[in-house]
Amino acid sequence: MADDALSEAWEKAANDITKGKNEGALQTLRAADPQAIEPMTARLVGEATWNIAKINESKSDYRKAAMFLREASKKNPKDKKTSSLYNKILNEMQDKRISETVIPRMFNNGGPTLAGIVVIFGVFLVVLAILAGANNPGSSNQSNVVMEITWTDANNVDHTGKIWIEFYDDETPMHAESFRANAEADRYDGTIFHRIVDGFMIQGGDFENGDGSGAHAGKFFGWCDQGMGNFAQTDDCRTDMTKWVIPAEFGQTHEPGTIAAARSPNENSAGGQFYLVDSNGAYSLDGSYTAFGKAYRGEIDGVSTSGIEVIDAISQVECKGANDDTCRDPPQQNSGDPDVGSQVTAKSVHPVTVVSVELIDAEDPWYKFW
């Protein structure tokens, strides 16, 4: 029988789920029953994760939710609500053409299936590859990241949000690796989004100067900032990280939610700065700037949403414009606008701060995935 503390956690989590605060519910359940031993915990985790999956349309979240509901049903087969939820999510996944697992059945009636034989052989090859790669210090860590941000909206209300980001490791390996390295070194913690343009993007990551004039790459990729707008492929700056830059890796589109690398006019000058594209997209930048990942989930004040919604909310903060409070780039010359040449129109009245950027460890055990 569950103790009072666990029962209270279930009640709080259930209320949070009803209010749409699914991430908050998961946090409560993690603290109360971290391995989801109790069937009620597993059921509530499944419900909350299912709600998140409906928002971000993540196949992995659908599978995760189904797994928890399946486990809850196994532990308490008499619970009709759990059985009903499990059947409903399976039907929804079938409609969306999402398989319950990504791995085919490997054993049947005590013996391996054809798929099982193939997988066993494949595992053998993977083990060999891992052993070979263990001696390669350049092996890339393909973790995702979660970025926590605070801001004050145009009505003077404070908010806390999170954005989960995945990277295009196959297409833009250097930019992905650089961002992870800077994040792992905590360089982004406490930085601000120094340039905000409503209807376009929010830009940050300048951990050196905070104004868009600094921030080096997280690793050395054989390219250096030689000063005076010159960037070259050379080993000259290998021991001076402040000169490290990343060469262009163009090719990915600037769809809504994209994370991309800011740079100077030289296409091989990207460093640590980045920008997040809002719901309008920024397709005019395709082929000129490196888009290296995408926001796939978000949270605002404990309520699950899409990463794009978080970006949109931040892009609508109050800025220091002369004619209105809309965040925008400085006007062009000869426009008659008194803010020509000034950057204040893209600077928020209240700082939009990156509290932390953390790598999501892919090696955590299954019960830490929720």
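Under our numbering, the sequence shown is numbered contiguously, ending at residue 1666.
Beta carbons: idealized from backbone N, C-alpha and C, even for Gly.
Give me, in chain order, the residues of the same chain whose beta-carbon lies closer than 7 Å to that of residue i; leave out the 5 immediate sequence neighbours on both sides.
i, result
"Asn1562", "Gly1525, Phe1527"
"Ala1450", "Gln1612, Val1613, Glu1614, Asp1621"
"Leu1655", "Ser1439, Val1441, Arg1476, Ala1479, Glu1480"
"Gly1547", "Glu1467"
"Lys1355", "Ile1394"
What does a CB cutoff of less than 6 Å around residue i pick up in its chain, not counting 5 residues either side in sequence?
i, result
"Asp1582", "Thr1549, His1550"
"Trp1306", "Met1336"
"Ala1344", "Ile1313, Asn1318, Ala1321, Leu1322"
"Asn1372", "Pro1335"
"Lys1539", "Cys1520, Asp1521, Cys1533"
"Gly1518", "Gln1529"
"Gly1495", "Asn1576"
"Ala1328", "Leu1302, Ala1305"
"Glu1367", "Ala1338"
"Asp1625", "Val1493, Ala1642"
"Thr1378", "Arg1339, Ala1368, Ser1369"
"Ser1565", "Phe1527, Val1541, Arg1559"
"Met1537", "His1512"
"Asp1465", "Gln1438, Ala1472"
How close, in whole Å, do the beta carbons of residue i and residue j come, if the pair is a contact with beta carbons under 8 Å?
i, j, result
"Ser1652", "Glu1396", "Contact flag wrong, Cβ pair sits at about 34 Å."
"Val1613", "Ile1492", "7 Å"
"Ser1602", "Ile1385", "Contact doesn't hold; Cβ gap of about 20 Å is too wide."
"Ala1609", "Gly1553", "That belief does not hold up - the Cβ atoms of Ala1609 and Gly1553 are roughly 13 Å apart, past 8 Å."
"Tyr1571", "Ile1498", "6 Å"
"Ala1349", "Ala1361", "6 Å"
"Ile1604", "Ser1575", "5 Å"
"Lys1643", "His1490", "7 Å"
"Val1541", "Gly1567", "6 Å"
Pick helix, strand or coil for residue i, following the three-state DSSP scheme.
i, result
"Lys1384", "helix"
"Val1341", "helix"
"Ser1474", "helix"
"Gly1632", "Reliability fails at Gly1632, whose pLDDT of 40 lies under 50, so the model's placement of it is uncertain and the value that follows must be treated cautiously. Of the three classes helix, strand and coil, the one that applies to Gly1632 here is coil, per DSSP."
"Ala1658", "For Ala1658, the predicted model reports a pLDDT of 43, less than 50, meaning its position is unreliable; a value from the coordinates is still stated below. Coil, per DSSP."
"Gln1612", "coil"
"Ala1430", "With a pLDDT of only 48 at Ala1430, under the threshold of 50, the placement of this residue in the model should not be trusted; the figure read from the coordinates follows. Correct three-state label for Ala1430: coil."
"Ser1379", "helix"
"Phe1665", "Caution applies to Phe1665, whose pLDDT of 48 falls short of 50 and renders its modelled position unreliable; the value that the coordinates give is listed next. Note: Phe1665 maps to coil in three-state DSSP."
"Asp1482", "coil"
"Ile1333", "coil"
"Ile1607", "helix"
"Asn1347", "helix"
"Ala1557", "strand"
"Ala1566", "strand"
"Asp1521", "strand"
"Gly1547", "coil"
"Asn1451", "coil"
"Thr1468", "coil"
"Thr1397", "coil"
Can you give me the C-alpha to C-alpha distance between residue i and residue j, rounded to a whole angstrom?
i, j, result
"Ala1477", "Ser1611", "26 Å"
"Lys1308", "Arg1483", "36 Å"
"Phe1516", "Ala1338", "45 Å"
"Asp1391", "Phe1364", "20 Å"
"Ala1557", "Asp1507", "15 Å"
"Glu1388", "Lys1458", "27 Å"
"Asp1485", "Asp1375", "45 Å"
"Phe1503", "Val1648", "14 Å"
"Ser1369", "Asp1357", "18 Å"
"Val1573", "Cys1623", "14 Å"
"Val1341", "Leu1325", "7 Å"
"Tyr1310", "Thr1446", "One detail in the question is off: residue 1310 reads as Ala in this sequence, not Tyr. Taking the straight line from one Cα to the other gives about 27 Å."
"Ala1513", "Ser1303", "48 Å"
"Ile1596", "Pro1543", "34 Å"
"Val1650", "Gly1501", "9 Å"
"Gly1523", "Gln1569", "18 Å"
"Thr1487", "Ser1380", "47 Å"
"Asn1505", "Tyr1382", "52 Å"
"Gly1594", "Ile1607", "9 Å"
"Ser1474", "Ser1580", "24 Å"
So residue i is in the beta strand (DSSP E); what residue range does that whole segment cover?
i, result
"Asp1454", "1454-1463"
"Ala1591", "1587-1596"
"Thr1601", "1599-1601"
"Asn1505", "Looking at the DSSP string, Asn1505 is not in any beta strand (DSSP E), and its letter there is neither H nor E."
"Ala1528", "1526-1529"
"Val1573", "1570-1573"
Note down, in chain order, each residue of its chain lying with its Cβ closer than 8 Å to the Cβ of residue i, except the 5 sequence neighbours on either side.
i, result
"Gly1316", "Asn1347, Val1599, Ser1600"
"Glu1545", "Glu1467, Thr1468, Pro1469, Met1470, His1471, Thr1586, Phe1588"
On the DSSP letters alone, give me the boundaries of the alpha helix (DSSP H) that residue i sits inside.
i, result
"Tyr1358", "1355-1371"
"Arg1491", "Arg1491 -> not in any alpha helix (DSSP H); beta strand (DSSP E) instead, spanning 1491-1493."
"Leu1581", "No alpha helix (DSSP H) contains Leu1581, which DSSP labels as neither H nor E."
"Asn1318", "1318-1328"
"Ala1305", "1300-1314"
Would the C-beta of residue i count as close to the ligand GDP, meaning under 7 Å from any of its heavy atoms?
i, result
"Ile1459", "The model on display carries no ligand, and the ligand GDP is accordingly not part of it."
Is the Cβ of residue i closer than 8 Å to any Cβ of chain B?
i, result
"Phe1517", "In summary, chain B is missing from the structure at hand, where a single protein chain is found."
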